Every structure is written in structure tokens, then in C-alpha cells.
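Undergrad: To start, I am sharing the structure in question, which I have written as C-alpha cells.
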Amino acid sequence: MSGGDVRTRIAPSPTGDPHMGTLYAALFCKAFAEKHSGTFVLRIEDTDRTRYVPEAVEALHDALHWAHLDPDEGPLAGGPYEPYTQSERLPTYHERAQRLVATGHAYPCFCTPERLARLRAEQEARKEPTRYDRHCLYLPQEEVQQRLRAGEPHTIRLRVPDHGPVTFHDVIRGTISFETSVLTDHILLKSDGYPTSHLAIPVDDYSMRISHVIRAEEWLSSVPYYVLIYRAFAWAEPVFAHLSVLRNADRSKMSKRKNNTSVRWYREHGFLPEAVLNFLALLGWSHPEGEEIFSYEEFRDLLTLERIVKSGPIFDLKKLEWMNGVYIRRLAIGELAERLQPFLSQPVEPEMLERILPLVQERLKTLGEINDALIPFLQEPDPACLPFAQAIKRLTLQDIRHGLELLYPQLTALGAPDASTFEGTVRSLAAELGWKAGDLFMSVRVAVTGTSASPPLYDFCNVIGWSRAFQRLRSALEALPAR
RNA sequence: GCCCCCAUCGUCUAGUGGCCUAGGACAUCACCCUUUCAAGGUGGAGAUCGCGGGUUCGAAUCCCGCUGGGGGUACCA
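This is the structure in C-alpha cells:
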């Protein structure tokens with residue numbers, strides 16, 4: 005295949021928050037186009053007036069930009085096949101629809117939605133396939149012309165051939181065939197003048213010279229209709245590649261009710277776009293060397309349609325979290341600090357932040373977790389509610405106070421101790437008291453950090469400053485009951 | 001109901017006729033490291049390769065049937 009001619013696209017509908025499935029398709033489309041020095045196109049399918057949400061277009065651009073999946077051509081980027089928004093392409097669809105009518109591949113239909121609903125209900129009741137009964141195909145020509153002239157509301161329907169299979173090839177799934185007898189005369193042009201996707205998709209894909217239609221499997225059963233239209237116009241068909249759909253834990257199609265489907269959710273919780281992309285890539289494709297952590301560039305270079313998986317993967321948030329942690333740990337401190345900025349619920353001195361981050365970096369699964377991680381560093385713990393009892397089961401609160409009372413003067417005498425002196429002091433006092441060293445360390449930890457799970461104690465004190473640490477120790481032990 | 005797609009550990013997958021008494025990762029468990037948590041290291045458990053028939057000297061891998069799951073079935077995309 006000649007490389008420069010590859011053109012892929014995503015064609016989302018602006019109906020709400022950008023969906024992870026859209027990002028998933030965008031990733032494969034963009035990577036595939038880029039690999040072949042081709043072009044990745046964004047086209048907005050806003051032909052359903054009832055579901056249209058104006059802000060959704062901007063949200064979509066934001067989501068793609070966040071993920072570094074900006075389209076090469078699209079409503080914002082422009083391009084040689086403008087416009088890229090379907091509502092602005094109406095004349096094209098009308099012209100194409102008229103042409104299909106003129107060549108006998110389509111026909112006007114005057115049936116009301118009510119009649120169609122009734123028809124469908126009857127067919128369902130009889131457990132028959134729900135298909136249009138072609139009532140308007142058999143109308144006398146004179147009547148059709150007259151009703152058209154009278155301006156009667158109507159749609160344009162595809163005239164599916166009476167016999168024979170519609171066969172096409174999908175790179176991922178092989179040869180797929182539908183009998184025309186199970187197809188229906190789908191509406192191509194709605195009575196409001198807008199096209200349905202059955203018309204708009206093949207017309208636009210052809211007009212925009214899309215070479216590879218890479219998108220989710222949920223579209224597979226519409227392909228025969230596109231193929232029929234391609235053939236009616238004698239257009240060369242694009243290569244089809246249907247990705248499996250992302251699933252919920254119960255294996256149903258990934259949905260809002262059962263999952264976080266919105267790209268925004270992941271962004272706002274502090275998932276790194278590179279981790280999200282890596283994860284999505286791994287869901288639909290496998291690395292030839294079995295690698296799991298790889299960059300977008302590596303994915304793009306290694307991507308072949310043949311290695312795309314056929315079965316529908318369950319979206320496993322746990323694995324994404326793990327992967328996100330891997331990416332966070334790989335960040336240089338300076339960059340981590342920068343990436344954390346939008347997530348900070350309170351301002352932190354840059355210098356302080358850079359001292360804290362080495363201690364919390366490996367404990368973060370998402371950037372959003374930073375605020376909880378910061379609390380021990382920035383906020384004085386409340387001496388009245390320190391978890392001594394839960395953290396140290398072997399000792400009474402009175403014992404703990406006693407131990408800390410003895411430790412306090414020894415520690416303060418040291419000023420700002422070095423690591424081994426600090427450790428030695430705590431250990432020898434623990435030995436004197438007949439305690440396990442860990443219990444004394446834990447007592448100090450709870451007193452100074454306010455929690456039983458913290459970064460390494462010595463480093464922690466160093467970061468917050470020893471005098472502050474000693475103050476916390478003092479307040480904590482004074483709040484403990486004396487013997 | 002009808003049509004299409006899919007089917008390997010709980011989850012994501014490797015595997016394209018013999019290298020598979022099925023490999024890796026997440027999750028899980030144990031141990032190691034260790035003053036806690038995390039990270040890291042080691043090890044364990046976990047899949048009669050959905051079931052049944054073929055083809056073949058030999059099948060997770062090829063064929064057929066079944067079952068299961070998913071998607072579609074709109075004047076939605």
C-alpha cells in the first residue's frame with residue numbers, strides 16, 4: 005500500500021461527555037495513520053438534532069488534545085475536505101440521495117413514524133424480523149410524483165437488492181457476509197432534511213478519501229448498507245477494521261451506569277494521558293515482544309492491524325491504576341511537580357513540594373491522590389485523635405506516653421540528628437524499655453505524622469523540620485493519659 | 001425472534017499443528033527487604049485452552065455442530 009494515502013477518521017456524535025471508546029478508536033486511527041505517514045481526520049456527526057449537545061464538540065477537542073491525539077484535519081484544524089461537520093454538508097447528502105433515487109437505488113417514503121411503529125410492533129409480536137414492508141416502493145409513480153409536488157413530508161429509503169449476499173472484508177475479522185433478505189430498506193434521508201448515518205458515513209468517507217475505516221465493532225452490522233451505497237456509486241471501498249468494544253465487568257458494552265466512561269473522569273482523577281493510551285493500546289492490541297509498558301511512539305511503530313485482538317476486553321480499572329502508578333514513578337520530580345499543579349487543593353511552596361515529592365511519588369496511583377498524601381506534611385495533626393491504639397496493640401496509651409516522655413529529651417538534645425543517630429537513639433531506648441523497636445518507632449510515627457502509614461520517618465522529619473517534628477511529638481504525648 | 005461477531009487462569013493476553021505437563025501482566029496469597037505504608041525481589045495458588053464430534057502419527061492451534069457471551073436489529077450514532 006502506498007504510505008501517504010492512508011487516511012483514517014473518527015466520527016463521533018456530539019451528544020455528551022467524550023467517551024473512552026472514542027479515545028480508544030482515536031488512538032488506533034491516529035497511530036495507524038501516523039505510522040503510514042497518513043492523515044487522521046475528525047468529523048463531527050451531528051445529524052441527530054434531538055441528541056445534539058453544543059458543548060460536546062469543544063469537550064471532544066479538549067479530550068483529544070489532552071491525550072495528544074489531535075486530528076490532522078477536522079472542524080478546528082481545517083483541511084482540504086471542509087466542512088468536517090455533517091450539519092454543514094447537507095447539500096452533498098441531498099445531491100447524493102437524489103442521485104440514488106434517479107438510478108433506482110433509493111426511493112421516497114411517505115410512511116409516518118406511527119405507521120412504522122405499528123408495523124414494527126406487529127412484526128415483533130409475530131416474532132418476525134423487523135423490516136420495512138416496502139409499502140412506498142410499490143406506490144404508483146404518478147402518486148409519488150404528485151405527493152412530492154404537494155410537498156408532503158417524506159424520507160428517502162435505500163432500496164436493498166432483492167437477492168444475493170452482500171460480502172465484504174474486514175482486516176481484523178475476515179470475510180463477512182449478509183444476505184440481503186435480512187437487510188431492510190433503511191432511511192437514508194430523514195424528513196427533517198438531515199441524513200442518517202447510513203448515508204452520511206459512506207458519502208463522507210468517500211468524499212474525504214478515507215482509506216481505512218477503523219472503528220468499534222458495534223458498527224459492523226451497518227457495513228452492508230455502506231457497501232451497497234459504495235457499489236451504487238461505483239466507488240472503491242475503504243479497508244474496514246472493526247475493533248472490539250470495551251466492556252463492563254458483566255461483559256456488556258462499557259456504559260456510564262457501570263463504569264467511568266467519560267474521558268474527563270480519568271483526567272480529573274489524575275490519570276496520565278500516556279498511561280491511559282498505553283492501557284487502551286494494550287486492551288485492543290498485543291505487543292509482539294509481550295511488553296506491557298510502551299510509549300505511544302513505540303505502539304505506533306509496531307502497530308499492525310493483524311495484531312489487533314478480536315474479543316471484547318473488560319475495562320479493568322485496577323490494572324489502569326497500576327499502570328498509572330508505573331508512569332508516575334517514572335516522572336522526574338520537577339515534572340511530577342508541574343503535572344501536579346492542577347490537582348493541588350491548596351498552594352504549596354515549590355521548594356517544599358520538591359522536597360516532599362520524593363517521599364510520596366512511589367505511593368501515588370493517581371495525581372489526584374496528592375492532596376491526601378500532603379496532609380501529614382502541611383497540617384498539624386490533631387493530638388486528640390491520633391490512632392495510637394489501633395497502630396500499637398501491644399502497649400497501653402499510658403505506656404506509650406511514658407516511652408515518648410523518655411524519648412523526647414533525648415531526641416531534642418540531638419537537634420537535627422543524622423539518620424543513624426536518630427535510629428540508634430530510638431532503638432536503644434526501646435531496648436531499655438523492653439519494647440520492640442517497631443513499637444517505639446510507630447509511636448513516634450503516629451505522633452509526628454498523625455497516621456500509622458507514612459513515608460519513612462526520618463526523611464519525613466527532615467522535610468518538615470526537626471523543631472516542628474519535636475513540637476508535634478510534645479503535643480501528642482501531652483494528650484496521652486499519664487500513668 | 002432474526003442477523004453478525006467473539007470464545008486460553010477472576011481480569012488483560014501470548015500462542016498460527018509437535019518447543020505447551022500452556023508463557024507473561026493486573027488482582028490475590030506467602031516470604032524476603034524493612035521502623036509503618038508504598039515500591040522492589042522471590043515464590044504459590046489460579047486455565048482438564050467453553051462442550052461434543054471430526055481431520056492428523058500428533059490440536060489450544062484446522063473443520064463441523066452445540067453452548068455461552070457480546071453487538072446490531074430506529075426518521076440514534
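Residue numbers (the working numbering): 5 to 487. Ideal Cβ placement from N, Cα and C applies to all residues, glycine included. It should be emphasised that the depicted structure is a prediction, and the values quoted were computed from it without experimental measurement.
1. Would you kindly work out how many angstroms separate the C-alpha atoms of Val-186 and Ser-299, rounded to a whole number?
2. List the residues that DSSP assigns as beta-bridge partners of Leu-361.
3. For Arg-487, tell me which candidate among Pro-460, Leu-399, Lys-262, Glu-295 has the shortest Cα-Cα distance.
4. Who are the Cβ neighbours of Ala-377 in its own chain at under 7 Å, not counting the five residues just before and after it?
5. My parser needs the beta strand (DSSP E) runs of 3 or more residues fully inside the region 27 to 84; what are they?
6. So is Ala-204 buried or exposed if we call it buried at 16+ other beta carbons inside 10 Å?
7. Rounding to the nearest angstrom, what Cα-Cα distance links Phe-44 and Asn-328 in this structure?
8. Distance check for Asn-375 and Lys-260, CA to CA, integer angstroms please.
9. Is DSSP giving Ser-6 helix, strand or coil here?
10. Specify the secondary structure class of Asp-320 as computed by DSSP and reduced to three states.
11. Between Asp-166, Leu-46, Ile-312, Gln-90, which has its C-alpha nearest Arg-177's C-alpha?
12. Buried or exposed for Ser-6, going by 16 or more other Cβ atoms inside 10 Å?
13. For His-3 and Asp-52, what's the separation of their Cα atoms in angstroms?
14. Between the Cα of Tyr-230 and the Cα atoms of Thr-425, Met-356, His-109, Ala-435, which residue gives the shortest distance?
15. Evaluate Tyr-270 with the Cβ neighbour count: other Cβ atoms within 10 Å of its Cβ, from every protein chain shown; 16 or more gives buried, anything less gives exposed.
16. At which residues does the beta strand (DSSP E) containing Cys-113 begin and terminate?
17. Please return the same chain residues whose Cβ sits closer than 6 Å to the Cβ of Ala-101, not counting the five positions on each side in sequence.
18. Going by alpha carbons, who is nearest to Arg-124 out of Gln-383, Ser-226, Thr-188?
19. If you follow the alpha helix (DSSP H) that Ile-214 is part of, which residue opens it and which one closes it?
20. What separation, rounded to the nearest whole angstrom, lies between the Cα atoms of Glu-86 and Tyr-210?
21. Starting from Pro-199, follow its DSSP beta bridges and name the residues at the other end.
22. Tell me whether the beta-carbon of Leu-250 lies closer than 8 Å to the beta-carbon of Gly-25.
23. On the criterion of 16 or more Cβ atoms from any shown chain inside 10 Å, does Asp-443 qualify as buried, or is it exposed?
24. Out of Leu-73, Leu-382, Glu-278, Phe-36, state which residue places its alpha-carbon closest to the alpha-carbon of Phe-464.
25. Answer yes or no: do Ile-218 and Cys-33 have a C-beta to C-beta separation smaller than 8 Å?
26. Kindly indicate which residue of His-202, Ala-279, Leu-68 has the alpha-carbon position closest to the one of Leu-321.
TA: Working from what's here:
1. Val-186 and Ser-299: Cα-Cα distance of roughly 44 Å.
2. As far as DSSP is concerned, Leu-361 takes part in no beta bridge.
3. Leu-399
4. For Ala-377, the CB contacts under 7 Å within the same chain, skipping 5 residues up- and downstream, are Val-364, Arg-367, Leu-368 in chain order.
5. 43 to 46
6. Taking every protein chain shown into account, the CB of Ala-204 has 16 or more other CB atoms within 10 angstroms, so this residue is buried.
7. 27 Å
8. Taking the CA atoms as reference points, Lys-260 sits about 27 Å from Asn-375.
9. Low confidence applies to Ser-6: its pLDDT is 43, below 50, so where it sits in the model is not reliable, and the reading given next is rough at best. The answer is coil: DSSP assigns Ser-6 none of H, G, I, E or B.
10. In this structure, Asp-320 counts as coil in the three-state DSSP scheme.
11. Ile-312
12. Residue confidence for Ser-6 is low, a pLDDT of 43 falling below 50, so the modelled location carries little weight; the figure read from the coordinates is stated next. Ser-6 comes out exposed.
13. For the chain, the structure presents residues 5 to 487; residue 3 sits outside this window and is missing.
14. His-109
15. buried
16. 110 to 113
17. Ile-160, Leu-192, Leu-193
18. Thr-188
19. Note, Ile-214: premise wrong, no alpha helix (DSSP H); not H, not E.
20. 13 Å
21. Bridge pairing for Pro-199: Leu-193 [DSSP].
22. yes
23. When all chains shown are included, Asp-443 counts as buried.
24. Shortest Cα-Cα distance from Phe-464 to any of Leu-73, Leu-382, Glu-278, Phe-36 involves Leu-382.
25. The answer is yes: Cβ separation under 8 Å.
26. Ala-279
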